[in-house]
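Throughout the sequence shown, residue numbering follows mature numbering (1 follows the signal peptide of the UniProt record, and there is no 0), covering -19 to -1, 1 to 163 in sequence.
Where a beta carbon is used, it is the ideal one built from N, C-alpha and C, also for glycine.
Owing to the predicted nature of the structure, the values given are computational and were not obtained by experimental measurement.
Notes to accompany the following structure.
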Amino acid sequence: MKYKYIATISLLFSFSSMAQNLMLSSNSVRDGGTLEAKFFANSFGCDGQNMMPDFSFKNIPAGTKSFALTYFDKDAPIDGGFVHFVIYDIPAGTVHLNGGVNGGVLPATSIVGVNDTGSAGFIGSCPQIGEIHHYQWRLTALDIDKLPIDANATPAITSLNILGHKLETTTLTVTAKQNKKD
């Protein structure tokens, strides 16, 4: 009997360890990869196409009511980095974002939040010439349909609300380097 109990417990632990974590993937960029110039901003000294990559969401946790997706430059030359993009209230049934110029076509009920320029919208990468920057896409599954914030909330307020309703988070990190212009 004792061995049957131990075997049952071991089996339960093995099934729980097989649970899949939330995943964020892309056909345009890969985790740990380098961004192509088309994903760079077309402002702030960069001459890219201001394109957002496409993204797919997998292994959605139970209880997910919406998602938030943020894009952040961890190496920006300002304290705390630089938020390039915030989108939240992405419907729970969403499993793919097409990406595209200026963020592309996004789900109708989602809200594009304020970035660190103080305006709502997508800003592609724009590292300083000769520097390598690490950019992180962060997908968060949320336990709420709509974040209880104003559409003009700062990135910090939005992030705090995302953290307060987080079920699970995953990231995809890329690097970018802008070469010297001729």
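Classify residue i as helix, strand or coil using the three-state DSSP reduction.
i, result
"F(-5)", "Bear in mind that the predicted position of F(-5) carries a pLDDT of just 47, short of 50, making it unreliable; the figure below should be weighed with that in mind. Here F(-5) sits in helix by DSSP."
"G81", "strand"
"K19", "helix"
"A89", "coil"
"L128", "coil"
"T151", "strand"
"S106", "strand"
"S24", "coil"
"L3", "coil"
"A101", "strand"
"N142", "helix"
"A134", "coil"
"T(-12)", "Any reading at T(-12) is ruled out, since the residue's pLDDT is 47, under 50, leaving its predicted position unreliable."
Taking all protein chains shown into account, decide if residue i is buried (16 or more other Cβ within 10 angstroms of its Cβ) or exposed.
i, result
"D54", "buried"
"A49", "buried"
"F25", "exposed"
"P34", "buried"
"D126", "exposed"
"N142", "buried"
"L(-9)", "Because L(-9) carries a pLDDT of 45, less than 50, the predicted location of this residue cannot be relied on, and no value is offered for it."
"D97", "buried"
"V64", "buried"
"S(-3)", "In this prediction, S(-3) has a pLDDT of 48, which is less than 50 and means its spatial position is unreliable; nothing more can be read from the coordinates."
"A43", "exposed"
"S100", "exposed"
"L123", "buried"
"V76", "exposed"
Going by DSSP, what residues sit across from residue i in a beta bridge?
i, result
"S47", "P72, L123"
"H115", "T156"
"F53", "V64, Q117"
"H36", "The displayed chain sequence assigns Phe, not His, to residue 36. Paired residues: L78."
"V95", "A101"
Hey, would you say the C-beta of residue i is under 7 Å away from at least one heavy atom of the ligand COA?
i, result
"G102", "The ligand COA is not part of this structure, which contains no ligands at all."
* **the segment 147 to 154 touching the segment 118 to 125, judged by at least three CB pairs closer than 8 Å** => Taking 8 Å as the limit for Cβ pairs, the verdict is that the segment 118 to 125 does touch the segment 147 to 154.
* Asked: Would you say the segment 123 to 138 touches the segment 103 to 110, given that touching needs at least three Cβ pairs under 8 Å?
  -> Per the Cβ contact rule, the segment 123 to 138 is not in contact with the segment 103 to 110 (fewer than 3 Cβ pairs under 8 Å).
* Three or more C-beta pairs closer than 8 Å, one from the segment 68 to 76 and one from the segment 87 to 97: is that the case here? -> Taking 8 Å as the limit for Cβ pairs, the verdict is that the segment 87 to 97 does touch the segment 68 to 76.
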